[in-house]
Structure formats: C-alpha cells, structure tokens
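Here's the structure we're looking at; comments come further down.
Chains as they are written, first to last, in this note's numbering: chain A, 1 to 115; chain B, 1001 to 1109.
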C-alpha cells in the first residue's frame, strides 16, 4: 500500500479482555514506531522497532503491553487484561531507515475503547 | 532531551502567511527539528524538517535561527484546510519523535 495501514480502525472491548492491534508499514521501511494518543494530548511514544528487534520499549506503560514484529514488516501491539484507562488512539509510524534525518509517516490510528 | 515550547493556539486569516514559532533552547548539535501537523481524527502528517539551514518544500518553509535555539514554520498562504494542531519536535538521539502539546492553528475566512 501507499501508506501506513492500521487495523482495525475502531475496536471496542470489555474490561479485562485481550486485544491485538495491527500495523502494516510502508513497504521497505525498516523502522516502526507505536504511539498512544489520549484525547486532547499529543502522541506519546510506546515502542520503536529497528527490523525485527525492539530498539527501545521504554514507553510501554506496564507489562500488560507487548509488541512484536517477527519478520521485520507487520507489527502487532498486544494489550492484556485491558483497563478503561487504556482507551486511546493507538498510532503506528514507519520510516525508511532509523537515521535521525529520515521522516516518519503515520497511519490513521486504531481507536480503542475499553468499556 | 531537548524540549520544545510552542504557543497553545494561534489564529490566521485565510490567504495570509501563518508563522508558527517554536523555542528549543536546549537542542544539541546533531538533533533535527521536525514539524508535523494533525488534523482532527487523523494521524500526524509530516511537514518538514531541518538541521541548520532553512528548508522549503511544497507545503511550508522552515526557518532555523543561527544559534538553533528557535525556529519558525511558515505556511505561505494559509487555507481553511490548514486548520490543525502543529507540533514542533526535536528528534532526540534515541531516534523517536517526542511530541509536546503543539499549537492549535485556526485559519479563519
């Protein structure tokens, strides 16, 4: 595809359930980022992949959050035992390389609502 | 990490230039200044980035002061579709983008 694709666009789940959010980066992009955005706030960094490995997961709020990128392309953000406070828009971005002068392109996000 | 300071909101008349300021006084020598914008309910959109020199592309111009402690994003002829939150970001050495509160630009007819 031409851009970063995230699925689903909306997800409603019950408190305590497990959810998976998918990100398809731009083809050939080696770096992939996950962010979370609460209403009225700027995006908050969660985790960054370079290839298949998580280069920095310092933004993950706790051990209920986990992300994988097994083949260096598609990534899945996994949230266990969801809580109402996890409700937010989850954004994914990718960039061609991990160099600082390479722009990152964002998807449209997945809006997660925990009820 | 280099922090950025932006005014929380600005207005601009349609057709006029929009000049959005950003202070980043603690920026390091090898850190880039990036600008993104976010239109309601959409993902952030890349606008432009620079290191030391002024930059221009089809969307905007970026003016960085000689001491690199501040920058200005210029939208030369603002339209109603430019209404958005604009984020000025200093890309830190860990390579991720750290967003602040941004400037909410309202373009008015």
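By construction, the Cβ of each residue, glycine as well, lies at the ideal position given by its N, Cα and C atoms. All figures in this text were calculated on a predicted structure; none of them were measured in a lab.
Asked                                                                                                                          : Found
Any chain B beta carbon closer than 8 Å to residue 104 (chain A)                                                               : yes
Buried versus exposed, by CB contacts within 10 Å (16 or more), residue 52 (chain A)                                           : exposed
CB contact below 8 Å: residue 1086 (chain B) versus chain A                                                                    : no
Integer-rounded CB distance, given that residue 88 (chain A) should sit under 8 Å from residue 38 (chain A)                    : 5 Å
Start-end ranges of the beta strand (DSSP E) lying completely within the region 63 to 93 of chain A, minimum 3 residues        : 65 to 68 and 75 to 79
Start-to-end residues for the beta strand (DSSP E) that takes in residue 9 (chain A)                                           : It is not in any beta strand (DSSP E) - residue 9 (chain A) carries neither H nor E in the DSSP assignment.
C-alpha gap between residue 1070 (chain B) and residue 25 (chain A), whole angstroms                                           : 32 Å
Uninterrupted beta strand (DSSP E) stretches inside the region 1037 to 1103 of chain B (no shorter than 3 residues)            : 1045 to 1050, 1061 to 1064, 1070 to 1075 and 1084 to 1091
Cβ separation of residue 12 (chain A) and residue 115 (chain A), assumed to be a contact under 8 Å, to the nearest whole Å     : 6 Å
Meets three-Cβ-pair contact criterion under 8 Å: the region 1007 to 1015 of chain B and the region 1097 to 1106 of chain B     : yes
DSSP state of residue 1025 (chain B) mapped onto helix, strand, coil                                                           : coil
Counterpart residues of residue 20 (chain A) in DSSP-defined beta bridges                                                      : A:78
Interface positions of the region 38 to 71 of chain A facing chain B (Cβ-Cβ less than 7 Å), listed along the chain             : 42, 43, 45, 48 and 56
Per-residue burial, residue 1018 (chain B) [other beta carbons within 10 Å of its own, 16 or more giving buried]               : buried
Inter-stretch contact at 8 Å, needing at least 3 Cβ pairs: the region 1095 to 1102 of chain B / the region 44 to 64 of chain A : yes
Residue-level contact to chain B via CB, residue 107 (chain A), 8 Å cutoff                                                     : yes
Own chain, CB closer than 6 Å to residue 22 (chain A), minus 5 neighbours either side, in chain order                          : 7 and 76
DSSP three-state assignment for residue 1019 (chain B), whether helix, strand or coil                                          : strand
Enclosing beta strand (DSSP E) for residue 110 (chain A) [first to last residue]                                               : 110 to 114
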